[in-house]
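*Asks:*
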């Protein structure tokens, strides 16, 4: 059950060794400080901080580039539309369309914030095994129902995904092509079958878990032990985040 | 409908976390009223994973294909577990597949999870037709599926167009919201039909899935009445 996300979670770096609770709090606060920035003069500092954080993590650049490759539908819309429709000052014209200065600056702000936040998030999830992240969230007060649901869903996500692929292969072997909306009812049966199988599997899983003592409690705080350098790291990141907020408010 | 990081201001992101926190609290409170709240967790979790996987199915909408959101179906089957399920699904998508974002997780969960809860109540209207009625299940399934994506799309577009840091005038903002929401109407129809078909299939094959075994939150039994 090893994801690409967990591929480099066992490396040896200051970020990998950072106590997970402090790391989660520190990087989350930093990410929100990045989201707070609107002043263009702070963008180079934001890129530098996220770059330094990534360098300290010793994660390979390919890991970050693979995650940056999926910028999302909205970001594509923004890239295409903002320079054309935001603002009034024309920088230059492409045929009948004017490219506007304000739109380009808005675009720059959005793209740099996106890259910086994604880089910091990649450090957080790339240097901590996913199951440790969930245990850390539980230790920090996330309700037990949510953590249990995350762990169960994570455990069965790829197994059910394998079921879907097997069913789709079977459908193709029987001649289903699904190139028009006429196949919608067949695809609905496919989705329904996935749900029915998931439900039946859940009943067996629940009975097996009860036999193994599920619901008897247990502490998620076990295994977490902070050292002075973990606290120093947290303070450094929190001060950096506070610096961005202060600069945004007072510059 | 997965708004990524960097687009929304921090105040909107924090507001999204506040509304998502309130909706999660409400859902967990309803779930907690069950006699054994943990009993439904494995079922809801596996169905969360199953929904997540089912949303990978490509639906052909010539000349392209789309992935369905299934928030209406999620509400119909999972009831009050729907909001935690949406929250977890979006968390997985943000962390594993970079769809959506960490700062926008609250906004995205609110935009997709609150309509799922509304769709749960919408789907329950099928009781008016009788719980075995395929027609009633189909109609309410269609309404839940279409409303789920319609409300989510409208909310996402309003948030995006009105809070994005851009120099757009009010008329352009309104036009953008109308245009982007209208663009979702064909998807509402497809999602509505798909949800109706799945709901009728479940009624035939596994009616317990839509009859509320894992979604109902019956009042806690009063001690001494057993």
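Residue numbers (this note's numbering), protein chains in the order written: chain A, 1 to 251; chain B, 1001 to 1226.
Glycine included, C-beta positions come from ideal geometry on N, C-alpha and C.
Any C-beta of chain B sitting closer than 8 Å to the C-beta of residue 232 of chain A?
*Replies:* Here residue 232 of chain A corresponds to residue number 232 of the first chain, with the count starting at 1. No, residue 232 of chain A lies away from the interface with chain B (no Cβ there is under 8 Å from its Cβ).
*Asks:* Could you tell me which of B:1198, B:1200, B:1210 and B:1019 sits nearest to residue 1105 of chain B, measuring between CA atoms?
*Replies:* By 1-based counting over the second chain, the position of residue 1105 of chain B is 105. The shortest Cα separation from residue 1105 of chain B among B:1198, B:1200, B:1210 and B:1019 belongs to B:1019.
*Asks:* Would you mind working out which of A:111, A:6, A:67 and A:123 sits nearest residue 18 of chain A, comparing C-alpha positions?
*Replies:* Here residue 18 of chain A is taken as the residue at index 18 of the first chain, counted from 1. Out of A:111, A:6, A:67 and A:123, A:123 has the C-alpha closest to the C-alpha of residue 18 of chain A.
*Asks:* What does the alpha-carbon distance come out to for the pair residue 1060 of chain B and residue 1147 of chain B?
*Replies:* As a working mapping, residue 1060 of chain B is identified with position 60 in the second chain. As a working mapping, residue 1147 of chain B is identified with position 147 in the second chain. One C-alpha to the other measures close to 21 Å.
*Asks:* Check each residue of the stretch 152-182 of chain A: if its Cβ is closer than 7 Å to any Cβ of chain B, include it; give the result in chain order.
*Replies:* So the list reads 152, 153, 156, 157, 160, 161, 164, 178, 179, 180 and 181, given in the order they occur along the chain.
*Asks:* By the criterion of Cβ-Cβ separation under 9 Å, what are the contact partners of residue 41 of chain A in chain B?
*Replies:* Residue mapping note: residue 41 of chain A aligns to position 41 of the first chain, counting from 1. Under the 9 Å cutoff, chain B gives no residues; its nearest Cβ is about 15 Å from residue 41 of chain A.
*Asks:* Between which residues of its own chain and residue 1086 of chain B is the CB-CB distance below 8 Å, once the five residues before and five after are set aside?
*Replies:* Locating residue 1086 of chain B in the second chain gives position 86, where the first residue counts as 1. The answer, listed in chain order, is 1071, 1074, 1109, 1112, 1113 and 1116.
*Asks:* CB residue 183 of chain A to CB residue 1046 of chain B, shorter than 8 Å?
*Replies:* Numbered from 1 along the first chain, position 183 holds the residue referred to as residue 183 of chain A. Numbered from 1 along the second chain, position 46 holds the residue referred to as residue 1046 of chain B. In this structure, residue 1046 of chain B does not lie closer than 8 Å to residue 183 of chain A by Cβ.
*Asks:* So who's on the other strand from residue 1067 of chain B, going by DSSP bridges?
*Replies:* Position 67 of the second chain, counted from the first residue, corresponds to residue 1067 of chain B. Looking at the DSSP assignment, residue 1067 of chain B forms a beta bridge with B:1058.
*Asks:* The alpha helix (DSSP H) with residue 52 of chain A in it runs from where to where?
*Replies:* Position 52 of the first chain, counted from the start, is the residue given in the question as residue 52 of chain A. Counting along the chain, the alpha helix (DSSP H) containing residue 52 of chain A begins and ends at 43-57.
*Asks:* Step through the CB atoms of chain B and report whether any lies within less than 8 Å of the CB of residue 1 of chain A.
*Replies:* The sequence position of residue 1 of chain A within the first chain is 1, counting from 1. Interpretation of residue 1 of chain A is limited by its pLDDT of 45, a score under 50 that renders its predicted location unreliable; the figure taken from the coordinates is listed afterwards. Chain B, which has no Cβ nearer than 8 Å to the Cβ of residue 1 of chain A, makes this no.
*Asks:* Under the rule that 16 or more other beta-carbon atoms within 10 Å means buried, what is residue 27 of chain A, buried or exposed?
*Replies:* Here residue 27 of chain A is taken as the residue at index 27 of the first chain, counted from 1. With 16 or more other Cβ atoms within 10 Å, it is buried.
*Asks:* With a CB to CB cut of under 7 Å and the five nearest residues on each side skipped, what residues in its chain are close to residue 1103 of chain B?
*Replies:* On the second chain, residue 1103 of chain B is found 103 positions in, with the first residue counted as 1. Contacts found: 1005 and 1013.
*Asks:* Measuring CB to CB, does residue 106 of chain A end up less than 8 Å from residue 251 of chain A?
*Replies:* For the purposes of this step, residue 106 of chain A is identified with residue 106 of the first chain, where counting begins at 1. For the purposes of this step, residue 251 of chain A is identified with residue 251 of the first chain, where counting begins at 1. In this structure, residue 251 of chain A does not lie closer than 8 Å to residue 106 of chain A by Cβ.
*Asks:* What are the residues of the stretch 186-206 of chain A that lie near chain B, defined by any Cβ-Cβ distance shorter than 9 Å?
*Replies:* Cβ contacts with chain B: 187, 188, 189, 190, 191, 192, 193, 194, 195, 196, 197, 198, 199, 200, 201, 202, 203, 205 and 206.
*Asks:* By the DSSP assignment, the alpha helix (DSSP H) with residue 226 of chain A in it spans what residues?
*Replies:* Translated into the one-based positions of the first chain, residue 226 of chain A becomes position 226. Premise fails: residue 226 of chain A is in no alpha helix (DSSP H) and is neither H nor E.
*Asks:* So does the stretch 1143-1158 of chain B actually touch the stretch 1178-1186 of chain B, counting three or more Cβ pairs closer than 8 Å?
*Replies:* Touching, yes.
*Asks:* Checking the sheet assignment: what are the DSSP bridge partners for residue 90 of chain A?
*Replies:* Locating residue 90 of chain A in the first chain gives position 90, counting from the first residue. Per DSSP, A:100.
*Asks:* Checking contacts by CB at 8 Å: is residue 56 of chain A closer than that to chain B?
*Replies:* Numbered from 1 along the first chain, position 56 holds the residue referred to as residue 56 of chain A. False, the Cβ-Cβ gap to chain B never drops below 8 Å.
*Asks:* Could you check whether residue 1138 of chain B and residue 1128 of chain B sit closer than 8 Å to each other, using their CB atoms as the reference points?
*Replies:* In the second chain, residue 1128 of chain B corresponds to position 128, counting from 1. In the second chain, residue 1138 of chain B corresponds to position 138, counting from 1. No, Cβ-Cβ distance for residue 1128 of chain B and residue 1138 of chain B is not below 8 Å.
*Asks:* Could you check which residue in B:1197, B:1186 and B:1188 has the C-alpha nearest to that of residue 189 of chain A?
*Replies:* Locating residue 189 of chain A in the first chain gives position 189, where the first residue counts as 1. Nearest C-alpha to residue 189 of chain A: B:1197.
*Asks:* Touch check for the stretch 76-89 of chain A and the stretch 97-113 of chain A: three-plus C-beta pairs under 8 Å?
*Replies:* They touch, by the three-pair rule.
*Asks:* Which two residues bound the contiguous alpha helix (DSSP H) that contains residue 1012 of chain B?
*Replies:* In the second chain, residue 1012 of chain B corresponds to position 12, counting from 1. Run containing residue 1012 of chain B: 1010-1032, per the alpha helix (DSSP H) assignment.
*Asks:* Would you decide whether residue 49 of chain A is buried or exposed? Buried here means 16 or more other CB atoms lie within 10 Å of its CB.
*Replies:* Taking the first chain and counting its residues from 1, one reaches residue 49 of chain A at position 49. Counting Cβ neighbours within 10 Å, residue 49 of chain A comes out buried, since at least 16 surround it.
*Asks:* Would residue 196 of chain A pass as a contact of residue 1208 of chain B if the rule is Cβ separation under 8 Å?
*Replies:* For the purposes of this step, residue 196 of chain A is taken as the residue at position 196 of the first chain. For the purposes of this step, residue 1208 of chain B is taken as the residue at position 208 of the second chain. Going by C-beta atoms, residue 196 of chain A is not nearer than 8 Å to residue 1208 of chain B.
*Asks:* Is residue 229 of chain A close to chain B, meaning its C-beta is less than 8 Å from at least one C-beta of that chain?
*Replies:* Within the first chain, the letter at position 229 stands for residue 229 of chain A. Answer no: the Cβ-Cβ gap between residue 229 of chain A and chain B never drops below 8 Å.
*Asks:* At a Cβ threshold of 8 Å, is residue 63 of chain A touching chain B?
*Replies:* Taking the first chain and counting its residues from 1, one reaches residue 63 of chain A at position 63. It does not: the Cβ of residue 63 of chain A has no partner Cβ on chain B nearer than 8 Å.
*Asks:* Within 8 Å (strictly less), CB to CB, does residue 143 of chain A reach chain B?
*Replies:* On the first chain, residue 143 of chain A is found 143 positions in, with the first residue counted as 1. Output row for residue 143 of chain A: interface = yes.
*Asks:* When you compare the CB of residue 1098 of chain B with every CB in chain A, is at least one pair closer than 8 Å?
*Replies:* Locating residue 1098 of chain B in the second chain gives position 98, counting from the first residue. For residue 1098 of chain B, the answer is yes, since a Cβ of chain A falls inside 8 Å of its Cβ.
*Asks:* Of all the options B:1162, B:1142, B:1163 and B:1123, which has the alpha carbon lying nearest to the alpha carbon of residue 1211 of chain B?
*Replies:* For the purposes of this step, residue 1211 of chain B is taken as residue 211 along the second chain, with counting starting at 1. If we check each option's Cα against that of residue 1211 of chain B, B:1123 comes out closest.
*Asks:* According to DSSP, is residue 201 of chain A part of a helix, a strand, or is it coil?
*Replies:* Numbered from 1 along the first chain, position 201 holds the residue referred to as residue 201 of chain A. Of the three classes helix, strand and coil, the one that applies to residue 201 of chain A here is helix, per DSSP.
*Asks:* Run through chain A and tell me which residues come within less than 8 Å of residue 1084 of chain B, C-beta to C-beta.
*Replies:* Indexing the second chain from 1 puts residue 1084 of chain B at position 84. Neighbours of residue 1084 of chain B on chain A, chain order: 145, 146 and 149.
*Asks:* In three-state DSSP terms, what is residue 1193 of chain B?
*Replies:* The residue labelled residue 1193 of chain B in the question sits at position 193 within the second chain. Of the three classes helix, strand and coil, the one that applies to residue 1193 of chain B here is helix, per DSSP.
*Asks:* Does any CB atom of chain A fall closer than 8 Å to the CB of residue 1119 of chain B?
*Replies:* Here residue 1119 of chain B refers to the residue found at position 119 when the second chain is read from its first residue. Judged by the 8 Å Cβ criterion, residue 1119 of chain B is not in contact with chain A.
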